[in-house]
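**Q** I'd like to ask you about the structure that follows.
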Amino acid sequence: MCWSATADLTAGTAITAVGLVCVAAVVRARRLERLPVAALPLLLGAHQLVEAAVWNSGGGCSPAATAWAVIALPVLPVWVPFGVLLASAPEVRWRLWGPAAVGLATAAVLAYCLATRPVTAEIRGHTLGYGVNVPWMPLVLTGYLSATLGSLLLAGDRWLRLLGAVLAAGALACSALWRLEFASTWCAFAAVASVLVLGWVRRPQPGSPVT
Numbered sequence: 297m298c299w300s301a302t303a304d305l306t307a308g309t310a311i312t313a314v315g316l317v318c319v320a321a322v323v324r325a326r327r328l329e330r331l332p333v334a335a336l337p338l339l340l341g342a343h344q345l346v347e348a349a350v351w352n353s354g355g356g357c358s359p360a361a362t363a364w365a366v367i368a369l370p371v372l373p374v375w376v377p378f379g380v381l382l383a384s385a386p387e388v389r390w391r392l393w394g395p396a397a398v399g400l401a402t403a404a405v406l407a408y409c410l411a412t413r414p415v416t417a418e419i420r421g422h423t424l425g426y427g428v429n430v431p432w433m434p435l436v437l438t439g440y441l442s443a444t445l446g447s448l449l450l451a452g453d454r455w456l457r458l459l460g461a462v463l464a465a466g467a468l469a470c471s472a473l474w475r476l477e478f479a480s481t482w483c484a485f486a487a488v489a490s491v492l493v494l495g496w497v498r499r500p501q502p503g504s505p506v507t
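Note that my numbering has the sequence shown beginning at 297, numbered continuously upward.
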């Protein structure tokens with residue numbers, strides 16, 4: 297799969313548009329507890345647009361690379377588990393507090409690293425590699441994936457579990473095929489996979505107002 301500024305710009309624009317539709321749907325249905333998950337495609341679409349700017353900067357240290365890392369690293373492991381927690385029925389929330397707590401701890405480590413160390417981006421053919429000096433990387437990566445994928449896989453909603461399964465498969469594929477560019481390729485895959493959120497927000501929910 298080839299990535300470039302044009303590919304990121306095109307994908308980012310499309311996914312951002314999907315995110316706007318998702319957000320509008322939950323606002324119209326007055327289900328604001330679902331808003332963080334509904335906004336996930338919007339966040340990830342914007343993330344791809346930021347990466348287009350990283351391509352255009354030619355790599356290295358840049359504000360775009362730092363912005364990309366902030367969204368990818370400390371934001372997502374908090375956004376995803378707490379979004380799933382808020383959107384879930386009360387009877388399943390107890391099992392989602394674990395991924396949420398792991399996400400907070402992981403995000404704290406990653407935020408500290410970003411605040412104290414530079415972020416670099418390197419163009420490697422048709423992919424981007426990001427360099428952030430993170431200690432205990434295997435442990436931090438385990439926490440990151442446990443928070444993001446674990447919360448989705450433990451959700452009571454089958455659409456969210458499907459999204460978690462798709463992202464887990466994508467993470468394995470990206471790790472196997474693009475080991476040095478895992479963060480970039482996995483986030484791109486997550487942005488595309490988040491189109492599943494559109495099906496989630498459009499599905500009738502118990503207690504939805506009749507229109």
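Built from N, CA and C at the ideal position, the CB exists for glycine as well.
Starting from glutamate 347, follow the alpha helix (DSSP H) in both directions and report where the run begins and ends.
**A** For the purposes of this step, residue 347 is taken as the residue at position 51 of the sequence shown. Run containing glutamate 347: 336-353, per the alpha helix (DSSP H) assignment.
**Q** To the nearest angstrom, report how far apart alanine 325 and glycine 355 are at their CA atoms.
**A** Counting from 1 along the sequence shown, the entry for residue 325 is found at position 29. Counting from 1 along the sequence shown, the entry for residue 355 is found at position 59. Using only the alpha carbons, I get a separation of about 42 Å.
**Q** Quick one: is histidine 343 buried, meaning 16 or more other Cβ sit within 10 Å of its Cβ, or exposed?
**A** Locating residue 343 in the sequence shown gives position 47, counting from the first residue. Answer is buried; the Cβ neighbour count reaches 16.
**Q** Counting along the chain, where does the alpha helix (DSSP H) carrying isoleucine 367 start and finish?
**A** Here residue 367 corresponds to residue number 71 of the sequence shown, with the count starting at 1. From DSSP, isoleucine 367 is part of no alpha helix (DSSP H); its letter is neither H nor E.
**Q** Would alanine 396 be called buried (16 or more neighbouring beta carbons within 10 Å of its own) or exposed?
**A** Translated into positions along the sequence shown, residue 396 becomes position 100. Its Cβ being crowded by 16 or more others within 10 Å, alanine 396 is buried.
**Q** Can you give me the start and stop residues for the alpha helix (DSSP H) that alanine 417 sits inside?
**A** The residue you call residue 417 lines up with position 121 of the sequence shown. Here alanine 417 belongs to no alpha helix (DSSP H); instead the beta strand (DSSP E) covers 416-420.
**Q** Please list the terminal residues of the continuous beta strand (DSSP E) segment that includes leucine 450.
**A** As a first step, residue 450 is located in the sequence shown; it is residue number 154 there, counting from the start. It is not in any beta strand (DSSP E) - leucine 450 carries neither H nor E in the DSSP assignment.
**Q** For valine 506, count neighbouring C-beta atoms within 10 Å of its own C-beta (all shown protein chains included) and say buried if the count is 16 or more, exposed if not.
**A** On the sequence shown, position 210 is the one that residue 506 refers to. Low local confidence applies: a pLDDT of 35 at valine 506 is under 50, so the model's placement there is unreliable, with the coordinate-based value given in what follows. With fewer than 16 Cβ atoms within 10 Å of its Cβ, valine 506 is classed as exposed.
**Q** With a CB to CB cut of under 6 Å and the five nearest residues on each side skipped, what residues in its chain are close to leucine 406?
**A** If you number the sequence shown from 1, residue 406 lands on position 110. Counting only Cβ-Cβ distances below 6 Å, and skipping sequence neighbours, we find Leu369 and Pro370.
**Q** Just the Cα atoms here: how many angstroms apart are valine 380 and alanine 443?
**A** Here residue 380 refers to the residue found at position 84 when the sequence shown is read from its first residue. Here residue 443 refers to the residue found at position 147 when the sequence shown is read from its first residue. If you take the alpha carbons of valine 380 and alanine 443, they lie about 10 Å apart.
**Q** Compare the C-alpha of proline 386 against each of Val488, Ala487, Thr362 and Gly452 and name the closest.
**A** For the purposes of this step, residue 386 is identified with residue 90 of the sequence shown, where counting begins at 1. Comparing Cα-Cα distances from proline 386 to each of Val488, Ala487, Thr362 and Gly452, the minimum goes to Gly452.
**Q** By the 10 Å Cβ neighbour count, where 16 or more other Cβ atoms means buried, how is glycine 399 classified, buried or exposed?
**A** Sequence index remark: in the sequence shown, residue 399 carries index 103 (1-based). With 16 or more other Cβ atoms within 10 Å, it is buried.
**Q** Cα separation between alanine 363 and leucine 392?
**A** Counted from its first residue, the sequence shown places residue 363 at position 67. Counted from its first residue, the sequence shown places residue 392 at position 96. Cα to Cα, alanine 363 sits roughly 28 Å from leucine 392.
**Q** How would you write the range of the beta strand (DSSP E) that leucine 424 sits in, first residue to last?
**A** Against the sequence shown, residue 424 aligns to sequence position 128. Residues 423-427.
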